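S.K.: Just passing along the structure, written as structure tokens.
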Amino acid sequence: MSQNLKNITDPSTQILIVDDNVQYSRILTRMLQTSLGYSHIMHSESTKEAFEMIAREPERFKLIFVDYRFPTGETGGELLEALKQASLLQDKIAFLITSEPTVDNLKQAMQAGAKGVVAKPFDTSELKKQLSKVDRDLAMDEKESF
């Protein structure tokens with residue numbers, strides 16, 4: 003696992019939220035800022051714009067939250083697949099955001115490269131648990147690589 007992914011719960015971690023629903027983006031941003039202490043959060047309302055942002059500055063974002071479905075018919079899974087194909091996902095942690103957290107959605111998210119699914123409406127304690135789990139997994143991967 004890359005050194006660049008050490009301690010994603012660090013408040014200085016750069017985050018990108020990709021969601022066409024501005025209200026949900028604001029809610030997640032507020033939660034990440036007030037409850038979890040993050041301060042570097044950017045937004046994108048489309049998968050195309052998000053891909054361009056990440057491609058333009060591949061080292062910038064370490065944590066990505068991407069909506070499952072967009073009005074254009076695109077999916078967050080497709081964005082993650084495109085990032086993976088372009089070798090832009092390997093030093094990032096991605097979560098799929100959905101109001102339908104089904105087993106199939108979880109499988110699709112994991113196959114596309116996501117570390118988990120965050121259900122709408124957002125729950126602070128669940129979000130903390132998921133981020134902490136990923137942090138522990140990264141620490142274990144680092145120990146195993148020595």
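The working numbering runs 2 ahead of the 1-based position in the sequence shown.
The C-beta atom is built at its ideal place from N, Cα and C for all residues, glycine as well.
A quick note: this is a predicted structure, and the numbers were derived from the prediction, not measured.
Straight-line CA distance for Leu30 to Gln92?
M.R.: Cα to Cα, the separation comes out at about 24 angstroms.
S.K.: Using a Cβ-Cβ cutoff of less than 6 angstroms, which residues in the same chain neighbour Lys122 once the five nearest sequence positions on both sides are dropped?
M.R.: Answer for Lys122: Ser101, listed in chain order.
S.K.: Rank Thr104, Pro60 and Ser46 by C-alpha distance to the C-alpha of Asp18 and give the top, closest one.
M.R.: It should be noted that the sequence gives Leu, not Asp, for residue 18. The shortest C-alpha separation from Leu18 is found at Ser46.
S.K.: Distance, Cα to Cα, Asn107 vs Arg62?
M.R.: 27 angstroms
S.K.: In whole angstroms, what separates the C-alpha of Ile10 from that of Leu133?
M.R.: 7 angstroms
S.K.: Please check the pair Ile99 and Val136, which I expect to be a contact at CB under 8 angstroms, by giving their CB distance rounded to whole angstroms.
M.R.: The Cβ separation is near 15 angstroms, so there is no contact.
S.K.: If we ignore side chains and look at the alpha-carbon of each, how far apart do Pro13 and Thr74 end up?
M.R.: Annotation: Pro13 to Thr74 spans about 33 angstroms, alpha carbon to alpha carbon.
S.K.: Please give me, in chain order, every unbroken run of the alpha helix (DSSP H) with length at least 4 that falls completely inside the segment 111-144.
M.R.: none
S.K.: In the structure shown, what three-state DSSP assignment does Arg28 receive?
M.R.: helix
S.K.: CA-CA distance, Met55 and Met142?
M.R.: The alpha-carbon atoms of Met55 and Met142 are separated by roughly 30 angstroms.
S.K.: Once the 5 residues before and after Asp139 are set aside, which same chain residues still bring their CB inside 6 angstroms of it?
M.R.: Nothing listed; no residue qualifies.
S.K.: Taking DSSP as the reference, what is the three-state secondary structure of Thr15?
M.R.: Note: Thr15 maps to coil in three-state DSSP.
S.K.: Just to confirm, are Val20 and Thr49 a CB contact at a threshold of 9 angstroms?
M.R.: Contact flag set, yes.
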